[in-house]
Amino acid sequence: MLETWSASQSEFDWRVLVSHQVRTFMGDGDLAGRVLDLPIVDENVDLMFADYHPDALLASCSKKSIETTFVRAARKYRVPSLQFIDTWYGYASRLRTGDDTVLPDHVLVVDENARAEAIAEGIPPHCVMVAGHPGWEIVAPLPSTKSRDVVFLGSPIQRDYGNTLGYDEDDAWALLCEFAAGRRDLIDRLIYAPHPQQDAANKPWGKVISKYTPKMLRSVGAVVGC
26 MLETWSASQS
36 EFDWRVLVSH
46 QVRTFMGDGD
56 LAGRVLDLPI
66 VDENVDLMFA
76 DYHPDALLAS
86 CSKKSIETTF
96 VRAARKYRVP
106 SLQFIDTWYG
116 YASRLRTGDD
126 TVLPDHVLVV
136 DENARAEAIA
146 EGIPPHCVMV
156 AGHPGWEIVA
166 PLPSTKSRDV
176 VFLGSPIQRD
186 YGNTLGYDED
196 DAWALLCEFA
206 AGRRDLIDRL
216 IYAPHPQQDA
226 ANKPWGKVIS
236 KYTPKMLRSV
246 GAVVGC
């Protein structure tokens, strides 16, 4: 999306604030000058709104305190705020930081099913809007395969969420291993592909892939995530 905005020379001005890890991954390239390099503390967030005077705030929605800080600042400066949920679970919990819930002006979800679920979890109907998922909408199906190999995509859940979700990457992996042991007619080989920020120590099943690559998707029959 950011590359598209850069290439199209859009009529609106924009800046992006990301974590240090994402900033390193993005590099400089065409986004140079667009990426804000600012320690994320409450005082700087307030100054950003006061000095930059944005017309809108677009943010992720993953129950991180920094999201709450930005949405609260947007309300203070009367800047419209939108948060995006790109999957089908945990809608209301994503808006909570501890005991604190701060609603943006709009929560954008993938489809009507997600909207109904979000409302059922207590998010006000007027707040929830369907926006689709531009990343998924341009993905074409891969060719069919007879492979019965399965790749498991790891995730740093333990690091980021502890036990607050009721499960972590080890639980998900153990469940898949249990299933595979009971249904050897469905799975030939289990492959563990760790998240780049996850401990890549060997797991009890299959071969640990040091780095996931899209090419893997053409050689396996199924992909499983947490």
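Quick note: our numbering has the sequence shown finishing at residue 251, numbered continuously throughout. Backbone N, C-alpha and C fix where the C-beta goes; we use that ideal spot for every residue, glycine too.
Worksheet item: For residue 227, does the three-state DSSP call read helix, strand or coil?
Response: Residue confidence is low: residue 227 scores 48 on pLDDT, short of 50, so the model does not pin down where it sits. Its coordinate-derived value is still stated next. Residue 227 falls in the coil class under three-state DSSP.
Item to complete: Grab me the residues of residue 100's own chain with a C-beta within less than 8 angstroms of its C-beta, minus the 5 sequence neighbours each way, in chain order.
Response: 106, 127
Worksheet item: Excluding sequence positions up to five away, which residues of its chain have a Cβ less than 7 angstroms from the Cβ of residue 93?
Response: 122, 125, 127
Worksheet item: Should residue 193 go down as buried or exposed, given a rule of 16 or more other Cβ atoms within 10 Å for buried?
Response: buried
Worksheet item: What are the start and end residues of the alpha helix (DSSP H) that includes residue 160?
Response: 159-162
Worksheet item: How far does the alpha helix (DSSP H) with residue 183 in it reach, from first residue to last?
Response: 182-186
Worksheet entry | Residues bridged to residue 106 (per DSSP) | 82
Practice prompt. With DSSP as the reference, please indicate the residues paired to residue 178 in a beta bridge.
Written response: 218, 250
Fill in: Run of the alpha helix (DSSP H) containing residue 47, from where it starts to where it stops
45-51
Discussion item. Helix, strand or coil for residue 154? Go by DSSP, reduced to three states.
Written reply: strand
Worksheet item: Would you call residue 178 buried or exposed, if buried means 16 or more other Cβ atoms sit within 10 Å of its Cβ?
Response: buried
Worksheet entry | Rounded distance between the beta-carbons of residue 108 and residue 85, thought under 8 angstroms | 7 angstroms
Worksheet entry | Contact between the stretch 215-224 and the stretch 136-151 (3+ Cβ pairs under 8 angstroms) | no
Discussion item. DSSP has residue 124 in a bridge; who is on the other side?
Written reply: According to DSSP, which records beta bridges pairwise, residue 124 is partnered with nothing at all.
Discussion item. What residue range does the alpha helix (DSSP H) around residue 133 cover?
Written reply: Note, residue 133: premise wrong, no alpha helix (DSSP H); beta strand (DSSP E) at 131-134.
Discussion item. On the DSSP letters alone, give me the boundaries of the alpha helix (DSSP H) that residue 96 sits inside.
Written reply: 90-101
Worksheet item: Contact between the stretch 148-162 and the stretch 110-120: three or more CB pairs below 8 angstroms?
Response: yes
Item to complete: Could you tell me if residue 134 is buried or exposed, where buried requires 16 or more neighbouring beta carbons within 10 angstroms of its beta carbon?
Response: buried
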